[in-house]
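Written below as structure tokens is the structure these notes are about.
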Amino acid sequence: KKIDGKKIVFAIYQSNNFGNNKYIKDIFESEYKGFLKEYEIEFRIVTKSDLKDDVKINAIYLLDIDENAEFIIDYAQTKEILTFCYHEVDIKKGCLFTLEITNKPRPVLNIYSLKKSNISLEPAFLQFVKVFNE
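Using this note's numbering, the letters of the sequence shown map in sequence onto residues 41 to 174.
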């Protein structure tokens, strides 16, 4: 869902390396800024302390799964925020999505995390994802 009816805010989290966060943010801004032409897209670097009740973000990309990951994932589930993790093994920690890298990359959806949240996905989208249900 959009923030204030017009904006999608994508947050990037990594606890210990601001340089990596900035690098990823710069890539996203240069490669994907106009990707969804009908929406304004903003990329933001966040820390655990940024995640308060009034924060307005749509998705969090966790570059690493650390001691704050459980808090961030739980926070995201209660606020209906999508979570993406970098490593496929990290989806077991509760992230909603990761990417399976094969000759045909595709999103991997953690069905348990989806059920714990109030997030609903378009049924057509589910045809394109691999479902993680271990």
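All C-beta atoms, glycine included, are put in the ideal place defined by N, C-alpha and C.
Quantities reported herein were computed from a predicted structural model and do not represent experimental measurements.
With DSSP run on the structure shown, which of helix, strand or coil describes residue i?
i, result
"PHE165", "helix"
Under 8 Å by Cβ, that's how I've got residue i and residue j pegged, so tell me the actual separation to the nearest angstrom.
i, j, result
"GLU128", "VAL148", "6 Å"
"ILE112", "ILE100", "6 Å"
"PHE165", "ARG146", "The Cβ separation is near 11 Å, so there is no contact."
"ASN61", "ILE67", "About 11 Å; that fails the 8 Å criterion."
"SER153", "GLY134", "5 Å"
Suppose contacts are defined by Cβ-Cβ distances below 8 Å. Is residue i in contact with residue j by that definition?
i, j, result
"VAL49", "GLU78", "no"
"THR123", "LEU102", "yes"
"ASN150", "LEU136", "yes"
"ASP90", "SER55", "no"
"LYS47", "GLU80", "yes"
"THR142", "CYS125", "no"
Using a threshold of 7 Å, is the CB atom of residue i nearer than that to any non-hydrogen atom of the ligand ZN?
i, result
"GLN117", "With respect to small molecules bound, the structure shown includes none, and the ligand ZN cannot be examined in it."
Discussion item. Runs of 4 residues minimum, wholly inside the stretch 119-146: which ones carry the alpha helix (DSSP H) assignment?
Written reply: none
Discussion item. Just to confirm the assignment: which complete beta strand (DSSP E) runs, minimum length 3, are found wholly within the stretch 47-119?
Written reply: 47-53, 80-85, 99-102
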